[in-house]
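Peer 1: Would you mind keeping the following structure in view while I ask a few things?
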Amino acid sequence: MKKILFTFILLVLLAIGAGALTRQAMGWNDGMTQARSEIHAATLDGKLYIAGGIGLFRVLDSCEVLDLTMDIWTSCGRLPRPLHHVAMAADDTHVYASGGYVSLPFNADPEAGLFRFDPEAGQWTEISKLPHPIGQHSMTHFDGGLFLIGGQDSGRDLDTVWRYDIAADRWEAMASMPTARHSHAIAKSGSQLFVTGGRSAALGTEIRLIEIYDLAENSWTKGPDMPTGRGGHGAAVASGRLHILGGESLTEGRLLPDHDILDLATDSWIFGPEMSQPRHGFAIGEMAGQGGLTIIGGGARVGIETIYSVTGTVQRVGLE
1 MKKILFTFIL LVLLAIGAGA LTRQAMGWND GMTQARSEIH AATLDGKLYI
51 AGGIGLFRVL DSCEVLDLTM DIWTSCGRLP RPLHHVAMAA DDTHVYASGG
101 YVSLPFNADP EAGLFRFDPE AGQWTEISKL PHPIGQHSMT HFDGGLFLIG
151 GQDSGRDLDT VWRYDIAADR WEAMASMPTA RHSHAIAKSG SQLFVTGGRS
201 AALGTEIRLI EIYDLAENSW TKGPDMPTGR GGHGAAVASG RLHILGGESL
251 TEGRLLPDHD ILDLATDSWI FGPEMSQPRH GFAIGEMAGQ GGLTIIGGGA
301 RVGIETIYSV TGTVQRVGLE
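With my numbering as the guide, the letters of the sequence shown map in order to residues 1 to 320.
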């Protein structure tokens, strides 16, 4: 019955949006060979890896990699199965992907796999099982470990932090995040991990909270609230500033072009150039040697409408 209802909703959304779809919203792309949304990225050796995601009315298993210096896209194999909302990270030699969802309903069937990509072999392999299935979370690498932050487990908002010791193949529960949330964005500066925004049943769909996790000390502190609450956005630290871009307001039913910048030295906010093409569910990375950010893919319509508004285009955001 749920599948029938979901299919009906998809058809209604398509009928509503068909007349207004632009070239971008139809999933045509000028960057990736496959337009996709609900994605994350990991950077290794000057290359930005993106695996899985939602394509046009389907879930993807393909992986694409952007050479940030040459501005060239190539394939990076396929995940063991199609997944979206996959968290990604990299160490010095491999790229990792964890969790996500198998089918289009966002919280129906979270994944419990941890996958590793070997650039030399060109293959993905499953190397471990997560402590529990999880999606709409985030992941980062620090000091030989992968840290999984927040997310959802079958609709339950999570405050959990798990560390995977890569060498020992062992999971460890770390200090819980003060605020359970999903659809947040993270950015790392040294041993500090900034967890920004997101959604939860308790706090709604546009969380403004920033919480800072010390990866070395396993402790949390509160950061300044964001000027604009949001979920499905991107975040990055560059030149001593925390950049928070895009995302969506489900309450207002709109995409957010806002670019909020936190000066980490003064804890003060300034406002950067808005996104020329507002999106949610995109991947973000730094432009190699150019002092800017690269924003890739994402949905051009809010919420579930991402399934017919996926993009593959690349936006460059200067930071000066």
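Note that the Cβ used here is the ideal one computed from N, Cα and C, for glycine as well.
Kindly give me the distance between the Cβ atoms of Trp-124 and Pro-178, rounded to whole angstroms, as I take these residues to be in contact under 8 Å.
Peer 2: Contact doesn't hold; Cβ gap of about 34 Å is too wide.
Peer 1: Going by beta carbon distance, what residues of the same chain come within less than 6 Å of Glu-64, once the five residues before and after it are set aside?
Peer 2: So the qualifying residues of the chain are Met-32, Ile-50 and Trp-73.
Peer 1: Taking 8 Å as the cut-off, does the segment 205-221 touch the segment 156-176 (at least 3 CB pairs, one atom from each stretch)?
Peer 2: With the cut-off at 8 Å, the segment 156-176 and the segment 205-221 touch.
Peer 1: Please report the straight-line C-alpha distance between Phe-6 and Gly-190, rounded to a whole angstrom.
Peer 2: Any answer about Phe-6 is weak, because its pLDDT of 45 lies below 50 and its placement is not dependable; what the coordinates show is given next. Distance between the alpha carbons of Phe-6 and Gly-190 is about 43 Å.
Peer 1: Can you give the beta carbon distance from Lys-47 to Leu-60, rounded, assuming they're within the 8 Å contact cut?
Peer 2: The Cβ separation is near 19 Å, so there is no contact.
Peer 1: By a C-beta neighbour count over all protein chains shown, 10 Å radius and 16 as the cutoff for buried, is Thr-43 buried or exposed?
Peer 2: Thr-43 is buried by the Cβ-count criterion.
Peer 1: Could you tell me which whole beta strand (DSSP E) segments of length 3 or greater appear in the segment 118-178?
Peer 2: Whole beta strand (DSSP E) segments, 3+ residues: 123-134, 138-142, 145-149, 161-165 and 170-173.
Peer 1: Whole angstroms is fine: what's the gap from Asp-143's alpha carbon to Ile-304's?
Peer 2: Answer to the nearest angstrom: the Cα atoms are 37 Å apart.
Peer 1: Find out if the Cβ-Cβ distance for the pair Ser-98, Leu-114 is shorter than 9 Å.
Peer 2: Yes, Cβ-Cβ distance for Ser-98 and Leu-114 is below 9 Å.
Peer 1: Taking DSSP's pairing of strands, which residues face Met-88 in a bridge?
Peer 2: The partner list for Met-88 (beta bridge, DSSP) reads Ala-97.
Peer 1: Taking three-plus beta-carbon pairs below 8 Å as touching, is the segment 169-185 in contact with the segment 206-214?
Peer 2: Taking 8 Å as the limit for Cβ pairs, the verdict is that the segment 206-214 does touch the segment 169-185.
Peer 1: What residue range does the beta strand (DSSP E) around Asp-67 cover?
Peer 2: Taken as a continuous stretch (DSSP letters only), the beta strand (DSSP E) holding Asp-67 covers 62-67.
Peer 1: Cβ of Ala-97 versus every heavy atom of the ligand SAM: is any distance shorter than 8 Å?
Peer 2: With respect to the ligand SAM, the structure offers nothing, as it holds no ligand at all.
Peer 1: Residues in the same chain with beta-carbon distance under 8 Å from Ile-261, minus the five sequence neighbours each way, listed in chain order, please.
Peer 2: If we look at Ile-261 and ignore the five residues flanking it on each side, its Cβ neighbours are Arg-241, Leu-242, His-243, Ile-244, Trp-269, Ile-270, Phe-271 and Gly-272.
Peer 1: Examine chain B for any beta-carbon lying closer than 9 Å to the beta-carbon of Gln-34, and answer yes or no.
Peer 2: No chain B is part of this structure, which consists of one protein chain only.
Peer 1: Is Glu-206 near Gly-223, with beta carbons less than 9 Å apart?
Peer 2: In this structure, Gly-223 does not lie closer than 9 Å to Glu-206 by Cβ.
Peer 1: Quick check: the segment 274-282 against the segment 293-303, are at least 3 beta-carbon pairs closer than 8 Å?
Peer 2: These segments touch.
Peer 1: Specify, as a first and last residue, the run of the beta strand (DSSP E) that Ile-50 falls within.
Peer 2: Looking at the DSSP string, the run of the beta strand (DSSP E) that includes Ile-50 is 47-51.
Peer 1: How should Thr-196 be labelled, buried or exposed, when 16 other C-beta atoms within 10 angstroms of its C-beta is the threshold for buried?
Peer 2: Thr-196 comes out buried.
Peer 1: Would you mind reading off the limits of the beta strand (DSSP E) that contains Ala-108?
Peer 2: Per DSSP, Ala-108 belongs to no beta strand (DSSP E) and is neither H nor E.
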